[in-house]
Amino acid sequence: MKANIKRNIMYAVWAVAWVAVAALLSYLWNDTQSQWYMSLVKPAFQPPGFVFAIAWSILYALIAADLFLLFRAGGSARIIYPLILTLFLGALWNYAFFAKENASAGVLILALAVASCIYTVWQAYRKRPLYGWLLLPWLLWQSYALVLNYTIYMIN
214 MKANIKRNIM
224 YAVWAVAWVA
234 VAALLSYLWN
244 DTQSQWYMSL
254 VKPAFQPPGF
264 VFAIAWSILY
274 ALIAADLFLL
284 FRAGGSARII
294 YPLILTLFLG
304 ALWNYAFFAK
314 ENASAGVLIL
324 ALAVASCIYT
334 VWQAYRKRPL
344 YGWLLLPWLL
354 WQSYALVLNY
364 TIYMIN
């Protein structure tokens with residue numbers, strides 16, 4: 214029993230660490246107050262800035278919970294690697310879009326992130342439906358972000 218608790222703690226630490234690194238990189242590269250970003254024309258369907266912070270807090274918690282469950286269930290590389298890849302594509306998007314001020318690169322990166330997320334959700338669902346359902350909000354948010362980024366690219 215003690216070994217089980219230690220193993221679960223290790224899985225939780227790893228899950229939180231992966232998500233925390235991706236979140237930290239995203240935070241460091243995200244600059245919604247830059248002159249470039251402030252000058253962009255935004256679509257009417259873009260929510261206020263605080264919505265992004267709330268959404269990502271919830272999404273990161275769901276992703277970490279899912280990753281923990283996958284580790285605990287002996288999740289395969291076919292699920293865990295694409296999940297981690299998708300996390301870091303999100304961080305890379307912040308770098309391309311905000312740090313490099315490149316909306317077109319943002320569209321490309323988000324398209325890859327959505328494709329990776331679709332695969333991840335499907336593989337997680339096949340492992341156990343709960344694992345897929347926990348990631349579905351992330352896929353929906355990534356898809357929304359892709360539409361938003363594409364619209365910003367097109368109107369600017």
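Just so you know, we're using our numbering here: the sequence shown kicks off at 214 and counts up by one. Ideal Cβ positions, reconstructed from N, Cα and C, are used throughout, including at glycine.
How would you label residue i, buried or exposed, when you count the other beta carbons within 10 angstroms and need 16 or more for buried?
i    : result
F258 : exposed
G288 : buried
N307 : buried
W249 : exposed
A385 : What is shown of the chain runs 214 to 369, which leaves residue 385 out entirely.
N217 : exposed
N203 : Since the displayed the chain opens at 214 and closes at 369, residue 203 lies outside it and no answer follows.
I322 : buried
A228 : buried
What residue range is occupied by the uninterrupted alpha helix (DSSP H) comprising residue i?
i    : result
N243 : Looking at the DSSP string, N243 is not in any alpha helix (DSSP H), and its letter there is neither H nor E.
K340 : 316-340
V264 : 262-285
P295 : 290-307
Hey, residue i and residue j are a contact pair by Cβ (cut 8 Å); roughly how many whole angstroms apart?
i    : j    : result
F344 : D279 : The sequence shown places Tyr at residue 344, not Phe. With 8 Å as the limit, Y344 and D279 qualify as a contact, their Cβ atoms being about 6 Å apart.
Y366 : V334 : Actually they do not touch by this definition, with Cβ atoms about 25 Å apart.
V226 : A277 : The pair is not a contact, with the Cβ atoms about 10 Å apart (cut-off 8 Å).
Report whether the distance from the Cβ of residue i to the nearest heavy atom of the ligand ZN is below 7 Å.
i    : result
A309 : The model on display carries no ligand, and the ligand ZN is accordingly not part of it.
- Message: Is it the case that the stretch 323-342 contacts the stretch 289-307, given that we only count it when at least three CB pairs across the two stretches are under 8 Å?
- Response: yes
- Looking at C-beta atoms only, is the number of pairs between the stretch 259-274 and the stretch 308-323 that lie closer than 8 Å three or more? no
- Message: When you compare the stretch 299-306 with the stretch 227-239, are there three or more beta-carbon pairs, one atom per stretch, that lie closer than 8 Å?
- Response: yes
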